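**Student:** Residue numbers for the sequence shown follow my numbering, so the first one is 7 and each next one is one higher. All C-beta atoms in this analysis are idealised placements derived from N, C-alpha and C, irrespective of residue type, glycine included. Model, not experiment: these values are computed from the prediction.
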Amino acid sequence: MIGFYSFKFRHSDKLSQEIAAVTLSNKVPEHSTNLCCSLRSELFSGSNTGINFEKYDDIPVEATGQNCPQHIESFQDVDMGEIIMGNIALSRYTRPTPVQKYAIPIIKSKRDLMACAQTGSGKTAAFLLPVLSQIYTDGPGEALNAAKASGQENGKYGRRKQYPISLVLAPTRELALQIYDEARKFSYRSRVRPCVVYGGADIGQQIRDLERGCHLLVATPGRLVDMMERGKIGLDYCNYLVLDEADRMLDMGFEPQIRRIVEQDTMPPKGIRQTMMFSATFPKEIQILARDFLEDYIFLAVGRVGSTSENITQKVVWVEESDKRSFLLDLLSATGKDSLTLVFVETKKGADALEDFLYREGYACTSIHGDRSQRDREEALNQFRSGKCPILVATAVAARGLDISNVKHVINFDLPSDIEEYVHRIGRTGRVGNLGLATSFFNDKNGNITKDLLDILVEAKQEVPSWLESLAYEHQHKSSNRGRSKRFSGGFGARDYRQTAAGVNAGGFGGRGGGRSQAGHGGNRAFGGGGFSNFYTSDGYGGNYSHSQVDWWGN
Ligand code: AMP
Numbered sequence: 007m008i009g010f011y012s013f014k015f016r017h018s019d020k021l022s023q024e025i026a027a028v029t030l031s032n033k034v035p036e037h038s039t040n041l042c043c044s045l046r047s048e049l050f051s052g053s054n055t056g057i058n059f060e061k062y063d064d065i066p067v068e069a070t071g072q073n074c075p076q077h078i079e080s081f082q083d084v085d086m087g088e089i090i091m092g093n094i095a096l097s098r099y100t101r102p103t104p105v106q107k108y109a110i111p112i113i114k115s116k117r118d119l120m121a122c123a124q125t126g127s128g129k130t131a132a133f134l135l136p137v138l139s140q141i142y143t144d145g146p147g148e149a150l151n152a153a154k155a156s157g158q159e160n161g162k163y164g165r166r167k168q169y170p171i172s173l174v175l176a177p178t179r180e181l182a183l184q185i186y187d188e189a190r191k192f193s194y195r196s197r198v199r200p201c202v203v204y205g206g207a208d209i210g211q212q213i214r215d216l217e218r219g220c221h222l223l224v225a226t227p228g229r230l231v232d233m234m235e236r237g238k239i240g241l242d243y244c245n246y247l248v249l250d251e252a253d254r255m256l257d258m259g260f261e262p263q264i265r266r267i268v269e270q271d272t273m274p275p276k277g278i279r280q281t282m283m284f285s286a287t288f289p290k291e292i293q294i295l296a297r298d299f300l301e302d303y304i305f306l307a308v309g310r311v312g313s314t315s316e317n318i319t320q321k322v323v324w325v326e327e328s329d330k331r332s333f334l335l336d337l338l339s340a341t342g343k344d345s346l347t348l349v350f351v352e353t354k355k356g357a358d359a360l361e362d363f364l365y366r367e368g369y370a371c372t373s374i375h376g377d378r379s380q381r382d383r384e385e386a387l388n389q390f391r392s393g394k395c396p397i398l399v400a401t402a403v404a405a406r407g408l409d410i411s412n413v414k415h416v417i418n419f420d421l422p423s424d425i426e427e428y429v430h431r432i433g434r435t436g437r438v439g440n441l442g443l444a445t446s447f448f449n450d451k452n453g454n455i456t457k458d459l460l461d462i463l464v465e466a467k468q469e470v471p472s473w474l475e476s477l478a479y480e481h482q483h484k485s486s487n488r489g490r491s492k493r494f495s496g497g498f499g500a501r502d503y504r505q506t507a508a509g510v511n512a513g514g515f516g517g518r519g520g521g522r523s524q525a526g527h528g529g530n531r532a533f534g535g536g537g538f539s540n541f542y543t544s545d546g547y548g549g550n551y552s553h554s555q556v557d558w559w560g561n
């Protein structure tokens, strides 16, 4: 693997001494705690209180693939180093969520991963924690020399090309920003500097930010390709690749850009880099496509919270098109003015029209959809999150993957045409174990989703309207694919397709989130032991955002 082992010896003496001086004991220096108080409160002020994890231990988890590492029960079961542990504590995460219990040791063992877990299940931390921990342990390797050489070649600090060690790709700007915010939290008091690039925002400003140093890059594909073509980003030393919302990233729209980034440029090939994919759903076709990017991977299926712990109450009501607005008003007055309500509509025009209507009816509401500027979308999200505008009208694309923790009610004003999208949408409520409500307006237009919707409701032990049952029965008899298997069988968003392909590769690790604990899954001594671990700690000057300090690249 590229230069990881020799990092300590390549490193400049001055910096090594400086680090050794403050971090010989592998501890975050005391005085840094005071110096970075305001940054700390900025990063960690978002509260996780009220999150109900009790139900989470019941979520079933299936890990399949060759030699699957044992899962952990607590964050202490795996050696992630003091910076990560400190930031976990500051984030007030007391125990890992099911996806974290499995994904953390898998990633720490340098295995590729395809994980099927809902947004809201803690999947962002499931990859950020082990990836950052590995980066702290292993150091920048060759990327340091490359960045330095690039600076020298260009003769100017400002022209420097950045060589991130880790790349996280996300389909939307909002999701990219959210992952970036989490990355800032977990890289607090380290030398790792996360950056984010996404379309629709000032590229000059993003370039200037990159030039201050970039070790972990969160990006939407289009803007990343642009940055690569401008010579601002080199992926030559990108040893960790994460695809979030991977089902969407690999569908027709994004696939060529993903191939351009991952296969047709300078990124280390699979097997050399580590690749991780996360998604709420993983249709078989996407799993087959994803093999191109993965090497001997573990497939992780985490039960859907809404399905297995039944913490989302799902209601389906028959509402004719012409009655939708008045029905919506009834619902809104029943839920109460202050609870956050997310209303999904099919089109951008529909979103604007509904927002206007609600506004005229005296509701504090806002909207997000693809035609609104990036600034408007961010502002709308902030107003919604803060409760200033507790009703958000959204199109599915704009709302995908968003972490808005306390949504009480999701209303499908227009139902989507496929069930994956339905699962994504209702996953906006009942997040990380909280209770939620999802109401869907159904009428003649939604015939194509009938059977799948019925399956979901039955599986989640929800009340099924009798008209829906009869409709599904009619459809099943008409439909040509009546024999097809249930996509969400067993409460999972998908299952490892290799399990059905003649049982090849079946490692067979089943279990529940609350299974047997395995202590000390530190596993990676070969990479992190001895001198390298010095690098994981801070330089003691308080956070990675102050530009007065020297980072890995000498910035
Ligand atoms: P995600 O699924 O990554 O969108 O995460 C959903 C929310 O859960 C985020 O607000 C996280 O900060 C929070 N979260 C993630 N892991 C934990 C944990 N172990 N304990 C408490 N909250 C968590």
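Please confirm whether any heavy atom of the ligand AMP lies closer than 7 Å to the CB of P274.
**Tutor:** Flag unset: Cβ of P274 not near the ligand AMP.
**Student:** May I have the straight-line CA-CA distance separating R117 from W324, to the nearest angstrom?
**Tutor:** Their backbone Cα atoms lie some 47 Å apart in a straight line.
**Student:** Between which two residues does the beta strand (DSSP E) containing I374 stretch?
**Tutor:** It spans C371 to I374 - the beta strand (DSSP E) in which I374 sits, taken as one unbroken run.
**Student:** Tell me the DSSP secondary structure of R190 in three-state form.
**Tutor:** Three-state result, R190: helix.
**Student:** For the ligand AMP, any of its heavy atoms closer than 7 Å to the Cβ of G442?
**Tutor:** Not under cutoff, so the answer is no.
**Student:** State the DSSP-derived secondary structure class of Q270, mapped to helix, strand or coil.
**Tutor:** If DSSP states are grouped into helix, strand and coil, Q270 belongs with coil.
**Student:** Which residues share a DSSP beta bridge with C201?
**Tutor:** C201 pairs with L223.
**Student:** Q320 and Y503 - do their beta-carbons sit closer together than 8 Å?
**Tutor:** Going by C-beta atoms, Y503 is not nearer than 8 Å to Q320.
**Student:** How far does the alpha helix (DSSP H) with H415 in it extend, from its first residue to its last?
**Tutor:** H415 -> not in any alpha helix (DSSP H); beta strand (DSSP E) instead, spanning V413 to N418.
**Student:** Buried or exposed: K492, going by 16 or more other Cβ atoms within 10 Å of its Cβ?
**Tutor:** With a pLDDT of 45 at K492, under the threshold of 50, the modelled position of this residue cannot be trusted; read the value that follows with caution. Label assigned to K492: exposed.
**Student:** By how many angstroms is the C-alpha of P200 removed from the C-alpha of V84?
**Tutor:** Their backbone Cα atoms lie some 23 Å apart in a straight line.
**Student:** Going by other Cβ atoms of all chains shown within 10 Å of its Cβ, with 16 needed for buried, is C74 buried or exposed?
**Tutor:** So C74 counts as buried.
**Student:** Taking Cβ positions, are D250 and F284 nearer each other than 8 Å?
**Tutor:** Taking 8 Å as the Cβ cut-off, D250 and F284 qualify as a contacting pair.
**Student:** If you scan the stretch 289-360 from start to end, which runs of the beta strand (DSSP E) of 3 or more residues do you find wholly inside it?
**Tutor:** The stretch 289-360 contains these whole beta strand (DSSP E) runs: 304-308, 318-324 and 346-351.
**Student:** Whose C-beta lies closer than 8 Å to the C-beta of Q23 among residues of the same chain, with five residues either side of it excluded?
**Tutor:** Only weak support is given to the placement of Q23: the predicted model assigns it a pLDDT of 35, under 50, and the value that follows is read from those uncertain coordinates. Correct list: empty, nothing qualifies.
**Student:** May I ask you to check if the CB of R101 is nearer than 7 Å to at least one heavy atom of the ligand AMP?
**Tutor:** Result yes, Cβ under 7 Å from the ligand AMP.
**Student:** What residue range does the alpha helix (DSSP H) around G87 cover?
**Tutor:** It spans G87 to L96 - the alpha helix (DSSP H) in which G87 sits, taken as one unbroken run.
**Student:** What do you reckon, is the C-beta of S332 under 7 Å from a heavy atom of the ligand AMP?
**Tutor:** No, Cβ of S332 sits at least 7 Å from all heavy atoms of the ligand AMP.
**Student:** How big is the Cα-Cα spacing for G145 and E68?
**Tutor:** Each residue's alpha carbon lies about 32 Å from the other.
**Student:** Starting from the C-beta of K354, find all residues in its chain whose C-beta is less than 8 Å away, skip the five residues before and the five after it, and write them out in chain order.
**Tutor:** Taken in chain order, the residues that qualify are H375, G376, D377 and T401.
**Student:** So does the stretch 201-218 actually touch the stretch 269-282, counting three or more Cβ pairs closer than 8 Å?
**Tutor:** The stretch 201-218 is not in contact with the stretch 269-282.
**Student:** Please determine whether the Cβ atom of Q82 lies at a distance below 7 Å from any heavy atom of the ligand AMP.
**Tutor:** Flag unset: Cβ of Q82 not near the ligand AMP.
**Student:** In whole angstroms, give me the CA-to-CA distance for G259 and I267.
**Tutor:** Distance between the alpha carbons of G259 and I267 is about 14 Å.
**Student:** According to the Cβ coordinates, are K347 and L338 closer than 8 Å?
**Tutor:** Looking at the sequence itself, residue 347 is Thr, so the reference to Lys does not match. Yes, Cβ-Cβ distance for T347 and L338 is below 8 Å.
**Student:** Please go through the same chain and pick out, in chain order, the residues whose beta-carbon is closer than 6 Å to the beta-carbon of I113, but skip the five residues on each side of it.
**Tutor:** Taken in chain order, the residues that qualify are P136.
**Student:** Taking G370 as the reference, give the member of S392, S379 and C43 with the closest Cα.
**Tutor:** Gly is not the amino acid found at residue 370; the sequence shown has Ala there. Taking only the C-alpha atoms, the option nearest A370 is S392.
**Student:** With DSSP collapsed to three states, give me the class of F363.
**Tutor:** Note: F363 maps to helix in three-state DSSP.
**Student:** Per DSSP, which one or two residues make a beta bridge with D250?
**Tutor:** The partner list for D250 (beta bridge, DSSP) reads F284.
**Student:** Quick one: does the C-beta of A109 sit closer than 7 Å to a heavy atom of the ligand AMP?
**Tutor:** False, no ligand heavy atom lies under 7 Å from that Cβ.
**Student:** Considering just the uninterrupted stretch of the beta strand (DSSP E) at S446, what are its terminal residues?
**Tutor:** Per DSSP, S446 belongs to the beta strand (DSSP E) from G442 to F448.
**Student:** Please report how far the alpha carbon of P111 lies from the alpha carbon of Q76, in whole angstroms.
**Tutor:** Their Cα atoms are separated by approximately 7 Å.
**Student:** Sort I65, V198 and A176 by Cα distance to S89 and report the nearest one.
**Tutor:** The amino acid occupying residue 89 in the given sequence is Ile; Ser does not appear at that position. The option with the nearest alpha carbon to I89 is V198.
**Student:** Starting from R279, follow its DSSP beta bridges and name the residues at the other end.
**Tutor:** According to DSSP, which records beta bridges pairwise, R279 is partnered with K276.
**Student:** Just curious, the alpha helix (DSSP H) that E427 is in, first and last residue?
**Tutor:** Taken as a continuous stretch (DSSP letters only), the alpha helix (DSSP H) holding E427 covers I425 to I432.
**Student:** Secondary structure at I171, three-state DSSP: helix, strand or coil?
**Tutor:** If DSSP states are grouped into helix, strand and coil, I171 belongs with coil.
**Student:** For T130, verify whether its CB is less than 7 Å away from any heavy atom of the ligand AMP.
**Tutor:** It does: the Cβ of T130 is within 7 Å (strictly closer) of some heavy atom of the ligand AMP.
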